[in-house]
Structures are given as structure tokens and as C-alpha cells.
Amino acid sequence: MNWIHCNKCSSIPATGKCFFWLTSCGHVFCGECVGIEKGSFVHGTTNSVSCFVCHHNVKAVQIRRGMDQSAAVLFRPPNELLQKLSQFYKIGEIIKFQAWQFASFQRLRQGKDTSQDVYYKQLLQKKDRDLEKALEENKRLTTLLESKEKEIRQLSQQQKE
70 MNWIHCNKCS SIPATGKCFF WLTSCGHVFC GECVGIEKGS FVHGTTNSVS
120 CFVCHHNVKA VQIRRGMDQS AAVLFRPPNE LLQKLSQFYK IGEIIKFQAW
170 QFASFQRLRQ GKDTSQDVYY KQLLQKKDRD LEKALEENKR LTTLLESKEK
220 EIRQLSQQQK E
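Heads up: the sequence shown is residues 70 to 230, going by my numbering.
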């Protein structure tokens with residue numbers, strides 16, 4: 070981060086010398102300039118203060134490790150940001166692929182369900198016909214059995230006489 074500098078006095082950070090501040094308007098100030106100017110740059114963040122350069126009412130945050138991620142991203146190396154963006158692109162492609170596959174699967178299943186429904190409906194109709202035939206055969210055999218039992222009783226009766 071050798072490009073960070075105070076937008077008022079152009080000083081650059083020296084290890085442990087002073088803190089730098091980032092304003093919501095995008096300007097950066099060193100601790101010395103903050104100390105010289107009247108403002109409430111204290112305890113890492115501020116309430117609304119006037120920017121020393123553009124004079125807008127702004128909020129400021131101290132530039133340091135562990136600062137809020139929305140501000141910290143401004144100080145990350147571009148290649149690191151590109152890698153993250155590339156990962157998001159890959160995630161986007163993965164999501165698109167999975168959504169397409171899911172939609173394709175749903176369409177296929179819907180078509181198969183319809184053909185399966187037709188198959189099972191035909192199978193059920195065949196089983197109903199088979200059941201009707203079996204019931205008719207059962208009725209015929211029951212009638213035949215009753216007539217044979219009657220015949221046996223008659224023959225048995227004749228034999229006794």
C-alpha cells in the first residue's frame with residue numbers, strides 16, 4: 070500500500086508514527102493533519118465531520134487492521150480482488166449450470182411422469198379386466214361346485230334306496 074498518502078499534506082504512513090483516516094467521501098488524512106484541524110476524529114470512527122479537502126460532511130474511519138470490511142476492501146491488492154471476482158464468476162456459472170440441469174431434470178421427470186401415468190393407467194385397466202374375469206370364473210366354478218354337490222347328494226340318496 071505504498072500509494073496511501075494524506076490528501077492534505079501528502080505525507081505517507083511511517084510504521085508506528087501516526088494513524089491515517091479514510092473519509093466517506095474517499096479522502097485520506099494523516100493523524101497530524103487530523104490533530105491540527107478541529108474535528109472529532111477519535112476512537113477509530115467519527116460522527117459527521119467536515120472533510121478537509123471537499124468540505125462535505127463525512128464520516129471517517131481509522132485505517133488499520135481489523136477495520137470494517139466495506140472500507141478494508143479499498144486497500145486490498147487488485148489481483149486479490151480479481152481472484153475473488155473470478156470465484157464469484159465461477160460460482161455464478163455453477164449456479165447457472167445447476168439451475169439449468171434442475172430445470173432439464175424437472176422437464177424430463179414431468180414427461181416421464183406422464184408416460185408412466187399412461188402406463189400405470191393401462192396396467193390398472195388390465196388388472197381390473199383380469200379381476201372381472203377371475204370373479205366371473207369364480208362364480209362359474211361356484212355354480213358348478215354347487216351343482217356337483219347337489220348331484221352327489223342325489224346319487225348318494227339313490228344309493229341308499
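Cβ coordinates follow ideal geometry from the N, Cα and C atoms, glycine included.
For residue i: DSSP bridge partner residues
i, result
"Ala236", "No answer is possible for residue 236: it lies beyond the span of the chain, which begins at 70 and ends at 230."
For residue j and residue i, the rounded distance between their alpha carbons
i, j, result
"Leu151", "Pro82", "26 Å"
"Ser216", "Glu230", "21 Å"
"Gln167", "Ser155", "18 Å"
"Leu213", "Ile221", "12 Å"
"Arg134", "Val118", "23 Å"
"Trp169", "Ser184", "23 Å"
"Glu201", "Glu162", "57 Å"
"Glu218", "Leu204", "21 Å"
Range covered by the alpha helix (DSSP H) that runs through residue i
i, result
"Ser80", "Unbroken run through Ser80: none, as it is neither H nor E."
Own chain residues within Cβ distance below 7 Å of residue i, not counting five before or after
i, result
"Cys94", "Cys120, Cys123, His125, Val127"
"Phe171", "none"
Delimiting residues of the beta strand (DSSP E) encompassing residue i
i, result
"Val97", "97-99"
Own chain partners of residue i with C-beta closer than 8 Å, once the 5 adjacent residues on each side are dropped
i, result
"Ile73", "Ile81, Pro82, Phe89, Val97, Ile132, Phe144"
Other residues of its chain near residue i: CB distance less than 6 Å, five sequence neighbours each side excluded
i, result
"Val75", "Residue 75 is actually Cys in this sequence, not Val. Answer for Cys75: Phe98, Cys99, Cys102, listed in chain order."
"Thr92", "Cys120, Val127, Ala129"
Residue i, buried or exposed, once every other Cβ within 10 Å from all chains shown has been counted against 16
i, result
"Leu193", "exposed"
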